[in-house]
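>
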Amino acid sequence: MEQTDVVIIGGGCVAAGIARDLSMRKIPCILLMQKDPAYGFISRCSGVLESGALHAVADPVAAREFYFENRIISRIAESFVEETDGLLVLLPGDDLEYISQLLQTLRQLGIPARRLSARKAMDKEPALAPEVIEAIAVPDATVNPYTLALANAHSASEHGAQLWIDCTVLAMLVEEGEVKGVHTRCQRTGEEIDIRARCVINAASANVSAIAAMAGIPLPLGFSKLSFVLTESRLTRGVVRRCQLPSLKGEVIVPSECQTILRTAPMEMLNLDHVAASPEEVDRIIEQAGQMVPSARETRAIRAFATIQTFLEIRRPSIPPAAYRGIVILDHGVKDGVRGFYTVLGGKLTTYRRAAQLASDAVCRRLGVSAECTTHRETLPKMEDLSTKATAGRMPSVTPFAQAPKPGDEIVCQCKKIYSSEIENSLVSPGPFGLGDIQHLTGAGIGSCQGGVCSTRILSILADKGMLPEDKSNKALREFLEERWKGVFPVAWGDCLREEELIRAIVMETFNLDHSK
Amino acid sequence: MDFDIIVVGGGLSGLISAAAAAEAGRRVCVVSCGTGDLLNFSGCIDLIAYHPGGSTRLGPTPAELMERLAAEIPQHPYTLVGKSGIERAIGFFKSLLPEGEYSGDIDRLIQLPTAIGTIKPTGLVPRSMAAGALDQGGEMLVVGFQGLRDFSAPYMAPNLAASLAEAQLSAVVRGETVAVDALSRHGGATVGALARRLEDEALLGIIAEKVRPLVGRASRVGFPTILGFMKDGPTRQCLEERLGARVFEIPGLPPSVPGQRLANHIQNALNRRGVCLMLGDRALGAQMEGQKCRSIRVARHGQITEMNARGFILATGGIRNGGLQAFRSGIREPLFGLPVRQPSGRGVWFRSSLFDPEGHPLDRAGVTANVDLHPVDEEGRILLENVRVCGRILAWQDPFKEKSGSGVAIATGYKAGTLSTME
Numbered sequence: 265m266e267q268t269d270v271v272i273i274g275g276g277c278v279a280a281g282i283a284r285d286l287s288m289r290k291i292p293c294i295l296l297m298q299k300d301p302a303y304g305f306i307s308r309c310s311g312v313l314e315s316g317a318l319h320a321v322a323d324p325v326a327a328r329e330f331y332f333e334n335r336i337i338s339r340i341a342e343s344f345v346e347e348t349d350g351l352l353v354l355l356p357g358d359d360l361e362y363i364s365q366l367l368q369t370l371r372q373l374g375i376p377a378r379r380l381s382a383r384k385a386m387d388k389e390p391a392l393a394p395e396v397i398e399a400i401a402v403p404d405a406t407v408n409p410y411t412l413a414l415a416n417a418h419s420a421s422e423h424g425a426q427l428w429i430d431c432t433v434l435a436m437l438v439e440e441g442e443v444k445g446v447h448t449r450c451q452r453t454g455e456e457i458d459i460r461a462r463c464v465i466n467a468a469s470a471n472v473s474a475i476a477a478m479a480g481i482p483l484p485l486g487f488s489k490l491s492f493v494l495t496e497s498r499l500t501r502g503v504v505r506r507c508q509l510p511s512l513k514g515e516v517i518v519p520s521e522c523q524t525i526l527r528t529a530p531m532e533m534l535n536l537d538h539v540a541a542s543p544e545e546v547d548r549i550i551e552q553a554g555q556m557v558p559s560a561r562e563t564r565a566i567r568a569f570a571t572i573q574t575f576l577e578i579r580r581p582s583i584p585p586a587a588y589r590g591i592v593i594l595d596h597g598v599k600d601g602v603r604g605f606y607t608v609l610g611g612k613l614t615t616y617r618r619a620a621q622l623a624s625d626a627v628c629r630r631l632g633v634s635a636e637c638t639t640h641r642e643t644l645p646k647m648e649d650l651s652t653k654a655t656a657g658r659m660p661s662v663t664p665f666a667q668a669p670k671p672g673d674e675i676v677c678q679c680k681k682i683y684s685s686e687i688e689n690s691l692v693s694p695g696p697f698g699l700g701d702i703q704h705l706t707g708a709g710i711g712s713c714q715g716g717v718c719s720t721r722i723l724s725i726l727a728d729k730g731m732l733p734e735d736k737s738n739k740a741l742r743e744f745l746e747e748r749w750k751g752v753f754p755v756a757w758g759d760c761l762r763e764e765e766l767i768r769a770i771v772m773e774t775f776n777l778d779h780s781k
Numbered sequence: 013m014d015f016d017i018i019v020v021g022g023g024l025s026g027l028i029s030a031a032a033a034a035e036a037g038r039r040v041c042v043v044s045c046g047t048g049d050l051l052n053f054s055g056c057i058d059l060i061a062y063h064p065g066g067s068t069r070l071g072p073t074p075a076e077l078m079e080r081l082a083a084e085i086p087q088h089p090y091t092l093v094g095k096s097g098i099e100r101a102i103g104f105f106k107s108l109l110p111e112g113e114y115s116g117d118i119d120r121l122i123q124l125p126t127a128i129g130t131i132k133p134t135g136l137v138p139r140s141m142a143a144g145a146l147d148q149g150g151e152m153l154v155v156g157f158q159g160l161r162d163f164s165a166p167y168m169a170p171n172l173a174a175s176l177a178e179a180q181l182s183a184v185v186r187g188e189t190v191a192v193d194a195l196s197r198h199g200g201a202t203v204g205a206l207a208r209r210l211e212d213e214a215l216l217g218i219i220a221e222k223v224r225p226l227v228g229r230a231s232r233v234g235f236p237t238i239l240g241f242m243k244d245g246p247t248r249q250c251l252e253e254r255l256g257a258r259v260f261e262i263p264g265l266p267p268s269v270p271g272q273r274l275a276n277h278i279q280n281a282l283n284r285r286g287v288c289l290m291l292g293d294r295a296l297g298a299q300m301e302g303q304k305c306r307s308i309r310v311a312r313h314g315q316i317t318e319m320n321a322r323g324f325i326l327a328t329g330g331i332r333n334g335g336l337q338a339f340r341s342g343i344r345e346p347l348f349g350l351p352v353r354q355p356s357g358r359g360v361w362f363r364s365s366l367f368d369p370e371g372h373p374l375d376r377a378g379v380t381a382n383v384d385l386h387p388v389d390e391e392g393r394i395l396l397e398n399v400r401v402c403g404r405i406l407a408w409q410d411p412f413k414e415k416s417g418s419g420v421a422i423a424t425g426y427k428a429g430t431l432s433t434m435e
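Line by line, the protein sequences give chains A and B. Each number in our numbering comes from the position in the first sequence (counting from 1) with 264 added on. Each number in our numbering comes from the position in the second sequence (counting from 1) with 12 added on.
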């Protein structure tokens, strides 16, 4: 049995942010992650720190919060936030009235915005289509969501929080209307353990309903789907989107280091079992993006993926639920008679810190702790520190930058130039590592071939180290390739398809892997 | 430059068609911007191992599967060539190579171990791999090298043991990794680099010393494809003598050493027959005269050259090699603009499971040909009277599912080359 004050369930920025906030207030806590911080929403997110302009007309309260947080994150995460700015562009046929309305709202909210002529916009963003009539420049920024989650987790760890990865919550311990902790299983060791705690915070994004149900609380949520296309190269300097109500089209072009993420507007979620981007969606994303930035039509797409957004069905009567961007902290003691149990909803990447603060405030009130939140003042660990500081206990260290090769090193991932020593370094604690874990941790397999070539090499390294269950490696390879395919086939044409044909020839013709168990 | 026949494409089907045309005394030229897939392939000639109708069972011989294709898919390249034509093509292929270089026929499948420990059913096997055939029982030792990329004995051996059990084969496998100072000093060697170095007899001796104590009761010893770069015979024989066991190569990841050896053999055969090889030159377009191709434009030494011939063979490959180009709007054949049989739209190119037993609709896309391998339209009308089509560009085949890629290349290449002499 373990004992702590607060258990936080979730692996994204909000959950890691809560762990950081609480531990900075000297409250002992354990962050329970289902996989590693790269799993789930964090790797399926475009990484925009919104200026708030997108939502200003529909939800001005949330928009102000977005801008406020955007500034804070840019400050505390300076070393890995890129202050790209964003353009809201107007194309022929777009609503000219909306642009005036938007500018007026932004002025009232104090969100800096500049109206740019087509030429000025083109100077700022040379990739824009010549059809662009005018644009509004707003202070959007971008961040690698994985790095942000990781930095929060590392900071939390430095302040004394415990980080547990690969842990599944099996049950909620509830006694006499009060949460007493969680029952969890470590995926690596199979060990099951009770964690006794005074409060439990449910920040499990897509899984919040399932976690709440373990405490006997129904939490009906609405769902919407976002689809994404990742391209091989960076197309724009900054974030580019249409100057329209986000519910209309809302395709976004987001530079992400040397790549670009193209994203749809939220779509109605029809089938919860099928969270993948279809070729038709990919074509639509590319066509919409291509209207703003023509090179989006020519560039090589390397992966498509989709994610679910959850929202409470009814919040403010005046706002359609999908448009509501605000944060909700549910105190289940008040709402459902289960004290000490809280659920965080509606935290976006931009407002993750605010969501974490509100959740921590609620917990502090219950615990009678008067310490104030300081997460907006203290900077997060720098990126280079993340690679060297091994976090205590159950979390592997991370190498976000390619390191210099060592003697005898060989390249494993040719797309991203990841060496075998980096793979080996990521294997710090023994256990049934999945390929996905290693790819998240090292960056191998995120380049143009998406792990099609290096996956066998990584598995070979694991086999050489005796870290694979002996005859299961081809099963792992098959599963990896099947999962990868779901992201590749919707973007398979042109060069991407040519490379895919080679990968399939190796896997199916040379190796006959499709007939292997 | 005037030739009787110009072959566009230097992969397996193009080279075989050139050899067949030259055999009949024609002046032949091969124009190719690359080496096709020979450097990507396993080194084995896959004839056909599975029925394309979704059956995952191994059992029927290639000959039986070809007969089923003939009854079920009249447009399949194998059906167009016919069983006896396929057998003649295989005979011709073997005749281009040194005596006994490849063994096997359409009457049985040969099962080989692969570098990841799966079992590969194939048709013709190079001599360097023959001793790996899994229908022979007994113990086999598999040897990897420290610092050698893309081959891991601890990965392969347990997987192969599992595969053998699954397939109810009696062979027993054991994996060992050896450290050879002369190799590890160079760190991160590739299979190709190691194959070159193993032509050195001194190094071979060192390796034999390291491996000999590990042989134990094994009657055969498998290595990655490193038994010499140009020739595998001397290296293999030397190791067999010193190890007291049969020695074989295990097909693995590209770039392929056995593929390079095969390409060399075939190119030598073409040189002996006086075929002009223009490797590294790209065919850009064709000049037509009615239903006939008069000449092709070729980018050569930074200039564009016009090349005339009486007959042309289109062996430019599939999507992987640029013989077909995949746009979001559809698949096109770039050289002649031939119609491409294909699924109705990008939304139905692929199934959502990579290993779907039915295969993916796009994989059967390509140019449709008649029994004379002339490209035809939907109604079967000949589109180009002096052009024959062979290899992966042909529609209706599914090499991923059938395991038929190199067999189709040889069968259609031979037929296209033979028929083109009638031009």
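By construction, the Cβ of each residue, glycine as well, lies at the ideal position given by its N, Cα and C atoms.
For Met78 of chain B versus Ile98 of chain B, is the C-beta distance shorter than 8 Å?
Position 66 of the second sequence, counted from the first residue, corresponds to residue 78 of chain B. Position 86 of the second sequence, counted from the first residue, corresponds to residue 98 of chain B. Yes. Within cutoff.
> Is the beta carbon of Gly354 of chain A less than 8 Å from the beta carbon of Val396 of chain A?
Here the question's residue 354 of chain A lines up with position 90 in the first sequence. Here the question's residue 396 of chain A lines up with position 132 in the first sequence. The residue you asked about is not Gly; residue 354 of chain A is Leu in the sequence shown. Yes, Cβ-Cβ distance for Leu354 of chain A and Val396 of chain A is below 8 Å.
> Where do the N-terminal and C-terminal ends of the beta strand (DSSP E) with Val157 of chain B fall, by residue?
Sequence index remark: in the second sequence, residue 157 of chain B carries index 145 (1-based). Going by the sequence as given, residue 157 of chain B is Phe instead of Val. Element bounds for Phe157 of chain B: Glu151 to Phe157.
> Quick one, which of B:Glu253, B:Ala407, B:Gly22 and B:Phe241 has its alpha-carbon nearest Glu221 of chain B's?
For the purposes of this step, residue 221 of chain B is taken as residue 209 along the second sequence, with counting starting at 1. Per the Cα distances, B:Glu253.
> With distances taken Cα to Cα, identify the nearest neighbour of Leu437 of chain A among A:Leu380, A:Pro754, A:Met265 and A:Ile291.
The sequence position of residue 437 of chain A within the first sequence is 173, counting from 1. Leu437 of chain A has its Cα closest to that of A:Met265, out of A:Leu380, A:Pro754, A:Met265 and A:Ile291.
> So is Pro373 of chain B in contact with chain A if we call contact Cβ pairs under 8 Å?
Counting from one through the second sequence, the residue named residue 373 of chain B turns up at place 361. Cβ-Cβ to chain A under 8 Å: no for Pro373 of chain B.
> Can you find the residues in the same chain that come closer than 6 Å, C-beta to C-beta, to Leu136 of chain B, ignoring five residues on each side of it along the sequence?
Walking along the second sequence from the start, residue 136 of chain B turns up at place 124. Taken in chain order, the residues that qualify are Ile57, Tyr114 and Gly116.
> Ignoring anything shorter than 4 residues or poking outside the segment 161 to 230 of chain B, list the alpha helix (DSSP H) runs there in chain order.
Counting whole runs of 4 or more residues, the segment 161 to 230 of chain B contains the alpha helix (DSSP H) stretches 165 to 178, 193 to 196, 203 to 209 and 213 to 227.
> In the segment 316 to 355 of chain A, which residue ranges form an unbroken alpha helix (DSSP H) of at least 4 residues, counting only runs that do not cross its ends?
Fully enclosed alpha helix (DSSP H) runs of 4 or longer: 324 to 340.
> If you drop the 5 nearest sequence neighbours on each side, which residues of the same chain put their C-beta closer than 6 Å to that of Gly502 of chain A?
Along the first sequence, one-based indexing puts residue 502 of chain A at 238. So the list reads Thr348, Asp349 and Gly350, once near-sequence residues are dropped.
> Compute the Euclidean distance between the alpha carbons of Asn407 of chain A and Ser343 of chain A, then round it to the nearest angstrom.
Residue numbering aside, residue 407 of chain A sits at position 143 when the first sequence is read from its first letter. Residue numbering aside, residue 343 of chain A sits at position 79 when the first sequence is read from its first letter. The question names Asn, but residue 407 of chain A in the sequence shown is Val. Whole-angstrom Cα-Cα distance: 10 Å.
> Around the C-beta of Asn320 of chain B, are 16 or more other C-beta atoms found within 10 angstroms, so that it is buried, or is it exposed?
Stepping through the second sequence from its first residue, residue 320 of chain B is reached at position 308. Classification for Asn320 of chain B: exposed.
> Between the segment 410 to 428 of chain B and the segment 354 to 366 of chain B, can you find at least three pairs of beta-carbon atoms closer than 8 Å?
Judged by Cβ distances under 8 Å, the segment 354 to 366 of chain B makes no contact with the segment 410 to 428 of chain B, as fewer than three pairs qualify.
> Is there a C-beta anywhere in chain A that falls below 8 Å from the one on Leu365 of chain B?
Position 353 of the second sequence, counted from the first residue, corresponds to residue 365 of chain B. In the sequence on display, residue 365 of chain B carries Ser and not Leu. Chain A contact via Cβ: present.
> Which first and last residues belong to the beta strand (DSSP E) in which His447 of chain A is found?
Here residue 447 of chain A refers to the residue found at position 183 when the first sequence is read from its first residue. Where His447 of chain A is concerned, the enclosing beta strand (DSSP E) stretches over Glu442 to Cys450.
> Along chain A, which residues have their Cβ under 7 Å away from the Cβ of Ile397 of chain B?
Against the second sequence, residue 397 of chain B aligns to sequence position 385. The question names Ile, but residue 397 of chain B is Glu in the sequence shown. The contacting residues do not exist; Glu397 of chain B stays about 31 Å from chain A at best.
> Does the CB of Thr130 of chain B have a neighbour CB from chain A at under 8 Å?
Position 118 of the second sequence, counting from 1, holds the residue named residue 130 of chain B. Answer yes: the Cβ-Cβ gap between Thr130 of chain B and chain A drops below 8 Å somewhere.
> Is Cys305 of chain B helix, strand or coil by DSSP?
Start at 1 with the first residue of the second sequence, and residue 305 of chain B comes out as number 293. Cys305 of chain B falls in the strand class under three-state DSSP.
> Is DSSP giving Thr430 of chain B helix, strand or coil here?
Here residue 430 of chain B refers to the residue found at position 418 of the second sequence. DSSP places Thr430 of chain B in helix when its eight states are reduced to three.
> Do Trp408 of chain B and His63 of chain B have their beta-carbon atoms positioned less than 8 Å apart in this structure?
Along the second sequence, one-based indexing puts residue 63 of chain B at 51. Along the second sequence, one-based indexing puts residue 408 of chain B at 396. No.
> Look up Tyr114 of chain B in the DSSP assignment and say whether it is helix, strand or coil.
Taking the first residue of the second sequence as position 1, residue 114 of chain B is located at position 102. If DSSP states are grouped into helix, strand and coil, Tyr114 of chain B belongs with the strands.
> Nearest to Leu265 of chain B by CA position, among B:Gly323, B:His372, B:Ser175 and B:Thr130, is which residue?
Translated into the one-based positions of the second sequence, residue 265 of chain B becomes position 253. Of B:Gly323, B:His372, B:Ser175 and B:Thr130, the residue nearest in Cα terms is B:Thr130.
> Going along chain A in order, which residues have a C-beta closer than 7 Å to the C-beta of Glu178 of chain B?
Residue mapping note: residue 178 of chain B aligns to position 166 of the second sequence, counting from 1. Here the neighbours are Lys781.
> Give a yes or no on whether 8 Å exceeds the smallest Cβ distance from Pro74 of chain B to chain A.
Within the second sequence, residue 74 of chain B is the residue found at index 62, counting from 1. Answer no: the Cβ-Cβ gap between Pro74 of chain B and chain A never drops below 8 Å.
> Return the CA-CA distance between Gly228 of chain B and Ala257 of chain B, expressed in angstroms with no decimal places.
As a working mapping, residue 228 of chain B is identified with position 216 in the second sequence. As a working mapping, residue 257 of chain B is identified with position 245 in the second sequence. About 10 Å.
> Would you say Leu313 of chain A reaches chain B, if we count a Cβ-Cβ gap shorter than 8 Å as a contact?
Numbered from 1 along the first sequence, position 49 holds the residue referred to as residue 313 of chain A. Output row for Leu313 of chain A: interface = no.
> Could you please tell me which residues of the segment 746 to 780 of chain A, in chain order, have their CB closer than 7 Å to any CB of chain B?
The residues in question are Glu746, Trp749, Lys750, Phe753, Ala756, Trp757, Gly758, Leu761, Arg762, Glu765, Leu766, Arg768, Ala769, Ile770, Met772, Glu773, Thr774, Phe775, Asn776, Leu777, Asp778, His779 and Ser780.
> Report the three-state DSSP secondary structure of Ala405 of chain A (helix, strand or coil).
On the first sequence, residue 405 of chain A is found 141 positions in, with the first residue counted as 1. In the structure shown, Ala405 of chain A sits in a strand (DSSP, three-state: E or B).
> Would you call the segment 42 to 60 of chain B in contact with the segment 325 to 342 of chain B, where contact means no fewer than 3 C-beta pairs closer than 8 Å?
Counting Cβ pairs under 8 Å, three or more are found: they touch.
> Report, in whole angstroms, the separation of the C-beta atoms of Glu435 of chain B and Gly323 of chain B, which I expect to be a contact under 8 Å.
For the purposes of this step, residue 435 of chain B is identified with residue 423 of the second sequence, where counting begins at 1. For the purposes of this step, residue 323 of chain B is identified with residue 311 of the second sequence, where counting begins at 1. Confirmed, Cβ separation roughly 3 Å.
> Determine the direct distance from the alpha carbon of Ala33 of chain B to that of Phe104 of chain B, and round the result to whole angstroms.
Along the second sequence, one-based indexing puts residue 104 of chain B at 92. Along the second sequence, one-based indexing puts residue 33 of chain B at 21. Whole-angstrom Cα-Cα distance: 12 Å.
> Taking just the CA atoms, how far does Val223 of chain B sit from Thr655 of chain A?
Locating residue 655 of chain A in the first sequence gives position 391, where the first residue counts as 1. Locating residue 223 of chain B in the second sequence gives position 211, where the first residue counts as 1. Low local confidence applies: a pLDDT of 37 at Thr655 of chain A is under 50, so the model's placement there is unreliable, and no value is given.
> Rounded to whole angstroms, how far is the Cβ of Gln451 of chain A from the Cβ of Leu494 of chain A, which I believe are closer than 8 Å?
The residue you call residue 451 of chain A lines up with position 187 of the first sequence. The residue you call residue 494 of chain A lines up with position 230 of the first sequence. Going by Cβ atoms, the distance from Gln451 of chain A to Leu494 of chain A rounds to 27 Å, so no, they are not a contact pair.
> Alpha carbon to alpha carbon, what distance is there between Ile400 of chain A and Phe339 of chain B?
Translated into the one-based positions of the second sequence, residue 339 of chain B becomes position 327. Translated into the one-based positions of the first sequence, residue 400 of chain A becomes position 136. Approximately 34 Å, taken between the alpha carbons.
> Pro270 of chain B lies in the beta strand (DSSP E); which residues open and close that run?
Indexing the second sequence from 1 puts residue 270 of chain B at position 258. Where Pro270 of chain B is concerned, there is no enclosing beta strand (DSSP E), although the alpha helix (DSSP H) it sits in stretches over Val269 to Arg284.
> Here's a check: name, in chain order, each residue in its chain whose Cβ is nearer than 6 Å to the Cβ of Gly610 of chain A, leaving out the five neighbours to either side.
Mapped onto the first sequence, residue 610 of chain A falls at position 346. For Gly610 of chain A, where only same-chain residues beyond five positions count, the Cβ hits under 6 Å are Gly590, Ile591 and Val592.
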